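Read the structure below first, then the notes.
Residue numbers (this note's numbering), protein chains in the order written: chain A, 56 to 626; chain B, 136 to 416.
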């Protein structure tokens, strides 16, 4: 609420400017600053937060410009009435594009950038031929008398939109939604497996980003009063927006606004000083310098020193509450029937069928390439199965998106740890509870995260980035993340590989403790000592099929199993 | 419905413009496919080459200017590779950095040659042959011939020589190629140098066939990207074939509807190829 008060005060202070009787130059200059702030900040909500760099922001801005221009000039609409339509049309366009584009899995980074660039040209061509007709549109309309002058009124409108935009960026930044977007930025697949509805989040962020750009476009149409396709759908706009955000810092809600003010003031200075060419060259130099020297932007650099001190541990360091561990029984929690998965003809799983019992630690063993990891990837929804059925607590999992599987109470670790690289260790662990079985708000998720950091001995590292952890700490971070979602069924994919014997003992103790929490565990491991020590039951896979199941001791004596591991007995 | 002659002439001009797309795309395809660098500055370099040709043509034959621009640009390409491989490791960063470079080169061009359209005067401008009902202008025919020669030579180089084998191995898996003794660094410099040298040649063709203006730099990006992505990254012949395909479809669109609709063809193709075959890139 303090932040909201700050926004209102700041808005009121800036809103008083048109009433001070300053020369119109100031209103125009401030209008241009705010215009840039809106465009950069709205761009950042999708592109900065989630890492989908759009070079097509000009298209959505342009949509807003042309909706207002056409309605005002050709249909005599009142200016204010066109604004919701300007925003709506841009948002609808974003929604339509996103619905297609975000379904394509491999579409990331530079491909998304090129795609949005191409869309700008397509839209410009359509506008030129269908709406504009060539010479441009003259936009003459009555500007509502919000201030003593027309430029003052437009300034106030843009100020309102700038406040809305920066407020949105701020609200998203601190919400579950924002956390999900940052997770998508770092590792989209893992985010999805941890319960983030990635498709919906990307679409929502795109929509919001486009709507705000369209709104700014609607006002800008009246501000420039004469719109042309070449000026509106320019690549320069798209690039300046990227540059402003990169300069200010894309990983902070205020970064793009700061970058926008710096760049706009700079360009304005050069234009006023009769050296616009020099100004543009300088923008190029800054772009290169920022990427090379300051990849985190101005704000990223400043805040680095702050952040470590700010977030502190809650005083009530409680032990994780102990749920009564159900003794293993034969009631199945997961029923696997005829599950197959092949990769271009290589059968990784062939009609595998078995059951996981509630409360047990089930060892899933087998030689390399026997389908253990593929099985985990199929259950967690990472790969779609080719056929078969996976029934978890009576509900079919096959065909469900990964985030809904996570929500049902299934968690996993990765054999090679895949932490979110740009989130702190604490945020990494706080993410799953925000999107897991019981969705928590940020504060309770952080409290939960602290518990599991204590539990895994990582509390001392809570505020560092995962890159600063060693392998054994990263493995424990994987465990902490999986635990924080309070899973009913947990898949551990070779958590012990690469650990020293002492670290391994520690890990084994942890796995035991996890079971005490009431989770059922499927334990994939090559370290036979740990398997024999920990598991209640073992299933042996070879060539994507279970060949033996039962008590650890019995299974390891099974001639078929010995055969699979050591090769046939040759007389 | 336009006459058959008009359609025929359109197809022909589409082939010619497509050759220029292919020539511009050749360098882009090499640096993207083999060095994992999306070099937007390639277009600015080509225009710089065009302006240099324009400047030098006051004293020299346009084709002779290549003796100056090609080595110069090869060195520029080597320098660019040094900078990008040292400072912009991931692909998106190469795109952003080279965009910055594009703005700088554009500003430099505008500073030296102004923002106005410039047309190179040369004896070749008016040369053309009449074959049947069709006109074949010399500058365009020369562009086609150069594009075919260079793309063909590059293809043969990649296909049949040790250099080519090493380059293809590096494209597939840089670390593994290095482990097997491929000098990845030197290879990178040579490929980047070649790509820039091709930009110099494309620039000369631009000066021969088009009027030059700094803002035009951006006009070529979408089409050439489409050609490269359809033709296949790292391919030498692909972009030329795709470029001609796009050129012809554009020319037909212009002849059958209005010239203002032409950009729709290449960009729609680009969008389609990204959406339907994203795994190719």
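Heads up, the beta-carbon is just placed ideally off N, CA and C, and yes, glycines get one too.
None of these values were measured; they are calculated from a predicted model.
Contacting residues, own chain, Cβ-Cβ under 7 Å from residue i (five flanking each side not counted)
i	result
residue 220 of chain B	323
residue 268 of chain A	94, 97, 112, 115, 116, 119 and 145
residue 260 of chain A	100, 101, 104, 105 and 236
residue 141 of chain B	390
residue 127 of chain A	134, 137, 194 and 196
residue 548 of chain A	428, 431, 467, 468, 469, 470 and 579
residue 248 of chain B	186
residue 156 of chain B	358, 359, 362, 378, 381 and 382
Residue from the options with nearest C-alpha to residue i
i	options	result
residue 69 of chain A	A:212, A:122, A:101 and A:170	A:212
residue 269 of chain B	B:396, B:411 and B:145	B:145
residue 270 of chain A	A:66, A:121, A:606 and A:293	A:121
residue 514 of chain A	A:526, A:531, A:522 and A:498	A:531
residue 540 of chain A	A:249, A:399 and A:450	A:249
residue 605 of chain A	A:503, A:345 and A:411	A:411
residue 204 of chain B	B:321, B:283, B:339 and B:301	B:339
residue 150 of chain A	A:610, A:347 and A:265	A:265
residue 347 of chain B	B:237, B:236, B:388 and B:189	B:189
residue 200 of chain A	A:557, A:73, A:388 and A:563	A:73
residue 205 of chain A	A:551, A:189, A:141 and A:134	A:134
residue 567 of chain A	A:71, A:510, A:389 and A:297	A:510
residue 316 of chain A	A:409, A:493, A:89 and A:159	A:89
residue 163 of chain B	B:309, B:409, B:358 and B:387	B:358
residue 143 of chain B	B:200, B:267, B:153 and B:231	B:267
residue 353 of chain B	A:274, A:273, A:292 and A:272	A:292
residue 378 of chain B	B:327, B:139, B:299 and B:154	B:154
residue 610 of chain A	A:619, A:594 and A:618	A:594
residue 85 of chain A	A:123, A:58 and A:312	A:312
residue 349 of chain A	A:306, A:320, A:192 and A:319	A:306
residue 439 of chain B	B:317, B:302, B:309 and B:308	What is shown of chain B runs 136 to 416, which leaves residue 439 of chain B out entirely.
residue 107 of chain A	A:76, A:189, A:533 and A:160	A:160
residue 442 of chain A	A:461, A:450 and A:408	A:408
Nonlocal neighbours in the same chain, by C-beta distance under 6 Å from residue i, ignoring five residues either side
i	result
residue 425 of chain A	596 and 597
residue 137 of chain B	390
residue 405 of chain A	395, 599 and 600
residue 289 of chain B	371
residue 167 of chain B	173 and 368
residue 187 of chain A	284
residue 322 of chain A	334
residue 399 of chain B	none
residue 552 of chain A	none
residue 364 of chain B	408
residue 312 of chain B	304 and 305
Residue i burial status per 10 Å Cβ neighbour count (16 or more: buried)
i	result
residue 265 of chain B	exposed
residue 523 of chain A	exposed
residue 608 of chain A	exposed
residue 300 of chain A	buried
residue 258 of chain A	buried
residue 232 of chain B	buried
Identity of the residues DSSP links to residue i by a beta bridge
i	result
residue 575 of chain A	A:544
residue 397 of chain A	A:402
residue 600 of chain A	A:597
residue 281 of chain A	A:193
residue 260 of chain A	Per DSSP, none; premise fails for residue 260 of chain A.
residue 270 of chain B	B:265
residue 333 of chain B	None; residue 333 of chain B has no bridge partner.
residue 605 of chain A	A:593
residue 451 of chain A	A:446
residue 179 of chain A	Paired residue(s): none; residue 179 of chain A is not in a bridge.
Short CB-CB distance (under 8 Å) between residue i and chain E
i	result
residue 180 of chain A	Structure shown: chain E not included; protein chains present are A and B.
Worksheet item: For the 8 Å Cβ check, are there 3 or more pairs between the stretch 218-225 of chain A and the stretch 148-163 of chain A?
Response: no
Worksheet item: Do the stretch 188-200 of chain B and the stretch 209-226 of chain B touch if we need at least three Cβ pairs shorter than 8 Å?
Response: No, the stretch 188-200 of chain B is not in contact with the stretch 209-226 of chain B.
Item to complete: Evaluate the contact criterion for the stretch 226-242 of chain A versus the stretch 109-126 of chain A: three or more CB pairs, one atom per stretch, below 8 Å.
Response: no
Item to complete: Could you tell me whether the stretch 477-491 of chain A touches the stretch 236-254 of chain A, using the rule of 3 or more Cβ pairs below 8 Å?
Response: yes
Discussion item. Can you confirm whether the stretch 67-84 of chain A touches the stretch 287-306 of chain A when touching is taken to mean that 3 or more C-beta pairs between the two stretches lie within less than 8 Å?
Written reply: no
Discussion item. Three or more C-beta pairs under 8 Å: does that hold for the stretch 232-246 of chain B against the stretch 369-384 of chain B?
Written reply: no
Fill in: Cβ contact (3+ pairs, closer than 8 Å) linking the stretch 538-553 of chain A and the stretch 451-470 of chain A
Contact between the stretch 538-553 of chain A and the stretch 451-470 of chain A is present: 3 or more CB-CB pairs across the two stretches fall below 8 Å.
Item to complete: Kindly confirm or deny that the stretch 320-334 of chain B and the stretch 165-185 of chain B touch, where touching means at least three C-beta pairs closer than 8 Å.
Response: yes
Worksheet item: Using 8 Å as the Cβ pair cut-off and three pairs as the minimum, do the stretch 384-392 of chain A and the stretch 326-342 of chain A touch?
Response: no
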